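Undergrad: I'd like to ask you about the structure that follows.
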Amino acid sequence: MIQDTLSAKIIANKKVGGLTIVAICGAADLGKSYLSKKIIESLATQNLKANHLTLDSYLIDRKTRNAKGISGYHIQAYDLNEALHNLTALKNGQSIDFKPYLHKEGKKGHDSIKLNPAEILIFDGLHSMHSSFLPHIDISIFLYTKEDTLKQIRTAADLVKRNYTIAFSKKISESEFSSYKINIEPYKNKADHLLFLESKWNYDLINNY
1 MIQDTLSAKI IANKKVGGLT IVAICGAADL GKSYLSKKII ESLATQNLKA NHLTLDSYLI
61 DRKTRNAKGI SGYHIQAYDL NEALHNLTAL KNGQSIDFKP YLHKEGKKGH DSIKLNPAEI
121 LIFDGLHSMH SSFLPHIDIS IFLYTKEDTL KQIRTAADLV KRNYTIAFSK KISESEFSSY
181 KINIEPYKNK ADHLLFLESK WNYDLINNY
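Here it is, written out as structure tokens:
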């Protein structure tokens, strides 16, 4: 299974002492968080403690983003200072507290989650390979798929995950795709490993250099 293959690669490149951070990057709704959790489960079978942190937890609220004309595909949509502060704290063996972002509501929840130190951190997000984070990243994975498939997946997620109307999803579809091509796809060339999404939760490892 792909999570076991990736876990083996993570273990092979794991730091001796200290935290190993694995970035999982790619377009929205391709299963970054799902894959993160599966990798953590696989690592657990090897008696390795891993945590998951998503960059979505540092999104500014949707109302503010809409007013600014930006989406999660724009780096300005995130509180980078807080994200970097928390990554640094985890690297230093400290615990952090964060509030998950609720996509249906378009804002953070009220309840905080505490993340304690572990051996490995899976850090997923549209911009988890942004230059601000790269000094902290030890291994990077980029998810992608065919353009038509990506658009179909995005539309379905808009309705179910984000609670958008069909009309609004269609209205922003092309601008969102353009933002992906400009702001996210370039990370692909910097990734250690590429995963191609064949179908839901079904990935092929394209390269492993």
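No gaps in the numbering here: position 110 of the sequence shown is 110 in the numbering used here, and each next residue is one more.
We put the CB at the ideal spot given by N, CA and C, even for glycine.
Bear in mind the structure is a predicted one, so any value in this text is a computation, not a measurement.
(1) Report the three-state DSSP secondary structure of Lys190 (helix, strand or coil).
(2) Which of the three DSSP states is assigned to Ala27 in this structure?
(3) May I ask you to report which of helix, strand or coil DSSP gives Val160?
(4) Cutting at 6 Å between CB atoms, please list the residues of its own chain near Thr20, excluding the five before and the five after it.
(5) Tell me Phe168's beta-bridge partners as DSSP assigns them.
(6) Leaving out five residues before and five after Ala191 in sequence, what residues of the same chain have Cβ atoms less than 8 Å from its Cβ?
(7) Count the other C-beta atoms from every protein chain shown that fall within 10 angstroms of the C-beta of Lys181, then say buried if there are 16 or more, exposed otherwise.
(8) Taking the C-alpha atoms as reference points, what is the distance between Arg154 and Asp29?
(9) What first and last residue would you give for the alpha helix (DSSP H) that runs through His85?
(10) Ile2 to His52, Cα distance in whole Å?
(11) Kindly indicate the opening and closing residues of the beta strand (DSSP E) around Thr45.
(12) Give me the residue from Asn116, Glu41 and Val22 with the minimum Cα distance to Ile122.
(13) Can the beta-carbon of Gly71 be found less than 8 Å from the beta-carbon of Thr54?
(14) Would you kindly check if the distance between the Cβ of Ile184 and the Cβ of Tyr58 is under 8 Å?
(15) For Ile166, tell me which candidate among Glu174, Ala156 and Ser175 has the shortest Cα-Cα distance.
(16) Pairs of beta-carbons, one from the segment 82–101 and one from the segment 109–120, closer than 8 Å: are there three or more?
(17) Taking Tyr144 as the reference, which of Ser199, His103 and Lys107 has the closest Cα?
(18) Leaving out five residues before and five after Thr149 in sequence, what residues of the same chain have Cβ atoms less than 8 Å from its Cβ?
(19) Assign Leu168 to one of two classes, buried (16 or more other C-beta atoms within 10 Å of its C-beta) or exposed (fewer than that).
(20) When burial is assigned at 16 or more other CB atoms within 10 Å of the CB, is Tyr209 buried or exposed?
(21) Out of Lys63, Pro135, Leu194 and Thr45, which one is the CA nearest neighbour of Lys91?
TA: Concretely, from the data shown:
(1) DSSP places Lys190 in helix when its eight states are reduced to three.
(2) It is coil, neither helix nor strand.
(3) If DSSP states are grouped into helix, strand and coil, Val160 belongs with the helices.
(4) Excluding positions up to five away in sequence, the list reads Lys14, Ile120 and Asp138.
(5) None, per the DSSP bridge assignment.
(6) Non-local C-beta neighbours of Ala191 in its own chain, meaning closer than 8 Å and more than five positions away in sequence, comprise Cys25, Met129, Ser140, Ile141 and Phe142, ordered along the chain.
(7) Exposed is the call here.
(8) If you draw a straight line from the Cα of Arg154 to the Cα of Asp29, it comes to about 6 Å.
(9) Leu80 to Lys91 is the span of the alpha helix (DSSP H), which, as asked, contains His85.
(10) CA-CA distance, Ile2 to His52, rounds to 18 Å.
(11) First-last for Thr45: undefined, no H or E at that position.
(12) When Asn116, Glu41 and Val22 are compared, the shortest CA-CA separation from Ile122 is found for Val22.
(13) Here the sequence assigns Ser to residue 71, which means Gly is not the residue at that position. No, Cβ-Cβ distance for Ser71 and Thr54 is not below 8 Å.
(14) No. Outside cutoff.
(15) Ranked by Cα distance from Ile166, the first of Glu174, Ala156 and Ser175 is Ala156.
(16) Contact between the segment 82–101 and the segment 109–120 is present: three or more C-beta pairs spanning the two stretches fall below 8 Å.
(17) Checked all of Ser199, His103 and Lys107; the closest Cα to Tyr144 is Ser199.
(18) Excluding its 5 nearest sequence neighbours in each direction, Thr149 has C-beta neighbours in its own chain below 8 Å: Leu197, listed in chain order.
(19) The identity of residue 168 in the sequence shown is Phe, whereas the question assumes Leu. With fewer than 16 Cβ atoms within 10 Å of its Cβ, Phe168 is classed as exposed.
(20) Any reading at Tyr209 needs caution, since the residue's pLDDT is 42, under 50, leaving its predicted position unreliable; the model's value is listed next. With fewer than 16 other Cβ atoms within 10 Å, it is exposed.
(21) Ranking Lys63, Pro135, Leu194 and Thr45 by Cα distance to Lys91 puts Pro135 first.
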